[in-house]
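Number of protein chains: 2
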Amino acid sequence: MIIAVDAMGGDKAPISEIEGAIAATKSLDVKVALVGPESVLKQALSKYKYNPEKILIESAPEIVGMREAPSLAIRKRSSSIAVCGDMFSEGKAQGMVSAGNTGAVMATLLVKWRTIKGVARPAIGSLLPTTSGVVLLIDVGANVDCKPNYLLQFAQMGKVYSQHIIGIENPKVGLLSIGEEESKGNELTGEAFDLLKNSKLNFFGNVEGKDILTGVVDVIVCDGFVGNVVLKFGESIGAVLIKWLRMEFEKGIFTRLAGAFMKRGFMKIKKKIDYAETGGAPLLGINGVCIISHGKSTSKAIMNAIRVATEFVNHKVNEHILEEITNNHTM
Amino acid sequence: MIIAVDAMGGDKAPISEIEGAIAATKSLDVKVALVGPESVLKQALSKYKYNPEKILIESAPEIVGMREAPSLAIRKRSSSIAVCGDMFSEGKAQGMVSAGNTGAVMATLLVKWRTIKGVARPAIGSLLPTTSGVVLLIDVGANVDCKPNYLLQFAQMGKVYSQHIIGIENPKVGLLSIGEEESKGNELTGEAFDLLKNSKLNFFGNVEGKDILTGVVDVIVCDGFVGNVVLKFGESIGAVLIKWLRMEFEKGIFTRLAGAFMKRGFMKIKKKIDYAETGGAPLLGINGVCIISHGKSTSKAIMNAIRVATEFVNHKVNEHILEEITNNHTM
Numbered sequence: 002m003i004i005a006v007d008a009m010g011g012d013k014a015p016i017s018e019i020e021g022a023i024a025a026t027k028s029l030d031v032k033v034a035l036v037g038p039e040s041v042l043k044q045a046l047s048k049y050k051y052n053p054e055k056i057l058i059e060s061a062p063e064i065v066g067m068r069e070a071p072s073l074a075i076r077k078r079s080s081s082i083a084v085c086g087d088m089f090s091e092g093k094a095q096g097m098v099s100a101g102n103t104g105a106v107m108a109t110l111l112v113k114w115r116t117i118k119g120v121a122r123p124a125i126g127s128l129l130p131t132t133s134g135v136v137l138l139i140d141v142g143a144n145v146d147c148k149p150n151y152l153l154q155f156a157q158m159g160k161v162y163s164q165h166i167i168g169i170e171n172p173k174v175g176l177l178s179i180g181e182e183e184s185k186g187n188e189l190t191g192e193a194f195d196l197l198k199n200s201k202l203n204f205f206g207n208v209e210g211k212d213i214l215t216g217v218v219d220v221i222v223c224d225g226f227v228g229n230v231v232l233k234f235g236e237s238i239g240a241v242l243i244k245w246l247r248m249e250f251e252k253g254i255f256t257r258l259a260g261a262f263m264k265r266g267f268m269k270i271k272k273k274i275d276y277a278e279t280g281g282a283p284l285l286g287i288n289g290v291c292i293i294s295h296g297k298s299t300s301k302a303i304m305n306a307i308r309v310a311t312e313f314v315n316h317k318v319n320e321h322i323l324e325e326i327t328n329n330h331t332m
Numbered sequence: 002m003i004i005a006v007d008a009m010g011g012d013k014a015p016i017s018e019i020e021g022a023i024a025a026t027k028s029l030d031v032k033v034a035l036v037g038p039e040s041v042l043k044q045a046l047s048k049y050k051y052n053p054e055k056i057l058i059e060s061a062p063e064i065v066g067m068r069e070a071p072s073l074a075i076r077k078r079s080s081s082i083a084v085c086g087d088m089f090s091e092g093k094a095q096g097m098v099s100a101g102n103t104g105a106v107m108a109t110l111l112v113k114w115r116t117i118k119g120v121a122r123p124a125i126g127s128l129l130p131t132t133s134g135v136v137l138l139i140d141v142g143a144n145v146d147c148k149p150n151y152l153l154q155f156a157q158m159g160k161v162y163s164q165h166i167i168g169i170e171n172p173k174v175g176l177l178s179i180g181e182e183e184s185k186g187n188e189l190t191g192e193a194f195d196l197l198k199n200s201k202l203n204f205f206g207n208v209e210g211k212d213i214l215t216g217v218v219d220v221i222v223c224d225g226f227v228g229n230v231v232l233k234f235g236e237s238i239g240a241v242l243i244k245w246l247r248m249e250f251e252k253g254i255f256t257r258l259a260g261a262f263m264k265r266g267f268m269k270i271k272k273k274i275d276y277a278e279t280g281g282a283p284l285l286g287i288n289g290v291c292i293i294s295h296g297k298s299t300s301k302a303i304m305n306a307i308r309v310a311t312e313f314v315n316h317k318v319n320e321h322i323l324e325e326i327t328n329n330h331t332m
């Protein structure tokens, strides 16, 4: 299997991408095609020891900036994103990973790959840590204004991902809202509630903001605006709490001592949070395989995203999504 | 000044309400009217020492349950909520505090008090702690489906509150969205952005989920659905992190020791978070004075909400809102 990696995507590109790719080829049965400007990649790669049969270079001279408008980015036909997409379409790669401009990745792949038959909109799922495991929050930013039927499909796609990648037999699906009762919420969630209730999904009902990290459900559905706010708020809180604690701990000798002790505990918590993050966020519903990695991805995060891409292929997630959507069509 | 306190509101009613009221009369120049079933309050009060000239009882035989639908609750004309509202209308109290069913409080007061002239919708503001002070998030649940103009008015009302109650001279206002660029967001935030940009407000631009707790702005505007999800998510995170840390710390003797040391730091952080919470959430834009207290309010939270109600009256917040809305009318 070959996974194409957008080598010019993340904040630390191409270093994280190269190191992540090399690590992946060592621990997994996979070849990685690094996609980007050939000379840049060759020079950067020359500093590493790697198996040249497993690390390939695919030329893509153009680069898409992190703040570039998707509508402009899709015109760059030889960008690292576009070339990754083409490799999949031409059968040269079975999946791709990008830590680049998410909007540009989405827009480019929608043009090249389209959606899985029956899927109205692709969505980005993100794994968050819970007290008992992980929860898939979907959508976290692909669709800011949603129709009720999109949310039903996010739930169906999230269920498939949770089943085949996380290994939950009968995933519980919650609808993110502002009260437990069916009547609580906005227009969108009110209508989505009815669709979810009448579907064959294992629908738990509404969940509130306070329930996101408690593990009461396996999949939480929301529009991409709310999901993105929650995701970014959540990502920031660890750092803020640590800053506050540090401010407290600097005040006295006892607390300073405690601070030193604490470091170990915090590092483990950080790992727990990272675990979820480094898996990468699958782009679900697109007719291809793309794992979106955080812009701040480390080499470990890239390696894990490559791993998830191979699992996505091996577990035939898209076939299962097609089946789920076809058998439970509601449009 | 007399503040009416819905004595049957919170989870620990009427104990928190009674103790909070007594504490308030000791530290502030205020009288408190406890509103609820007379016999219940008289009996509960009999266990306390208090100044009977400062603690009054106002009879309200009916009670509104926490899960009661607002449409049903407003029919209870002698509920503790309704009687608090009437006391204000009749000049028997200058403000009220309730830790009860927020939807019922909103609905009841909208009927009794209406909005301040020119205000389309009242909104609930909630103070969150930041690394440098507090930020007012508005709306956190009063309006789930908003029009762009509502968000502009939330910003105007939030600005007034931040100025006159928090003491920020020229509050910076941010619009909660999913990217810093003007173009990022949904339909609602796109249109609201234009209104805010063209207003006389000190508009900072979009802020993301990650910016909420960093103190980059003093007021953050959002629709009540998103605001409520963020608020409840945020409230839950402290408890979740502490649970995770505890799980880590129970694993070894060193880390267990560290856990004991840490407690002190955590208690201070908790206080920081509580500080914001215990101020109570003002209902802004309603033509009266009502501070909404958390359902889990302690006596300290009630006392602080009473204090905020007196400040709200003394600083003539509603007059300033009327002025702000009248001078910057955009409907």
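Chains as they are written, first to last, in the working numbering: chain A, 2 to 332; chain B, 2 to 332. Just so it is clear, CB atoms sit at the ideal spot from N, CA and C, and this is done for glycine as well.
Under a CB-based cut-off of 9 Å, is residue i close to chain B?
i       : result
Y70(A)  : What sits at residue 70(A) in the sequence shown is Ala, not Tyr. Chain B, which has a Cβ nearer than 9 Å to the Cβ of A70(A), makes this yes.
L242(A) : yes
G280(A) : no
F226(A) : yes
D140(A) : no
S80(A)  : no
N52(A)  : no
L111(A) : no
E188(A) : yes
Which of helix, strand or coil does DSSP assign to residue i?
i       : result
D7(A)   : strand
M97(B)  : strand
N171(A) : coil
F313(B) : helix
T327(A) : helix
I56(A)  : strand
I293(B) : strand
V33(A)  : strand
P71(B)  : helix
V136(B) : strand
S127(A) : strand
V220(B) : strand
I238(A) : helix
T333(A) : Shown here, chain A extends from 2 to 332; a query on residue 333(A) therefore has no answer.
G281(A) : coil
V208(B) : strand
L46(A)  : helix
Please check if any C-beta of chain A sits within less than 9 Å of the C-beta of residue i.
i       : result
W245(B) : yes
G101(B) : no
N229(B) : yes
C85(B)  : no
G134(B) : no
L177(B) : yes
Measuring only the C-alpha atoms, how far is residue i from residue j?
i       : j       : result
C223(B) : V217(B) : 16 Å
S60(A)  : K160(A) : 37 Å
L57(A)  : A94(A)  : 11 Å
M332(B) : I166(B) : With a pLDDT of only 46 at M332(B), under 50, the local geometry of the prediction cannot be trusted, and the value read off the model is given with reservation. The alpha-carbon atoms of M332(B) and I166(B) are separated by roughly 27 Å.
G66(A)  : P53(A)  : 29 Å
M9(A)   : G92(A)  : 22 Å
F155(B) : V41(A)  : 50 Å
L29(A)  : T190(A) : 41 Å
G142(A) : A282(A) : 11 Å
V230(A) : I139(B) : 15 Å
S294(B) : A105(B) : 13 Å
V31(B)  : Y51(B)  : 13 Å
Please return the same chain residues whose Cβ sits closer than 6 Å to the Cβ of residue i, not counting the five positions on each side in sequence.
i       : result
G289(B) : F89 and W114
N207(B) : L176, S178 and E181
Whose C-beta lies closer than 7 Å to the C-beta of residue i among residues of the same chain, with five residues either side of it excluded?
i       : result
L153(B) : A193, L196, L197, S200 and T331
S133(B) : G216
E20(B)  : S300
V227(A) : L177
T131(A) : L214, T215 and G216
N203(B) : N171, P172, K173 and V174
Ordered along the chain, which non-local residues of its own chain (more than five positions away) have a Cβ less than 8 Å from that of residue i?
i       : result
H1(A)   : Because chain A is modelled from 2 through 332, residue 1(A) falls outside the range shown and cannot be assessed.
T116(A) : R122, P123, G286, I287 and N288
Could you please tell me which residues of the stretch 143-169 of chain A, in chain order, have their CB closer than 8 Å to any CB of chain B? For the stretch 143-169 of chain A, which is checked against every Cβ of chain B, the residues closer than 8 Å are V145 and D146.
Taking Cβ-Cβ distances below 8 Å as the criterion, which residues of the stretch 203-222 of chain B are in contact with chain A? E209, G210, K211, D212, I213, L214 and T215
Members of the stretch 285-299 of chain A near chain B, C-beta cut-off 9 Å: none
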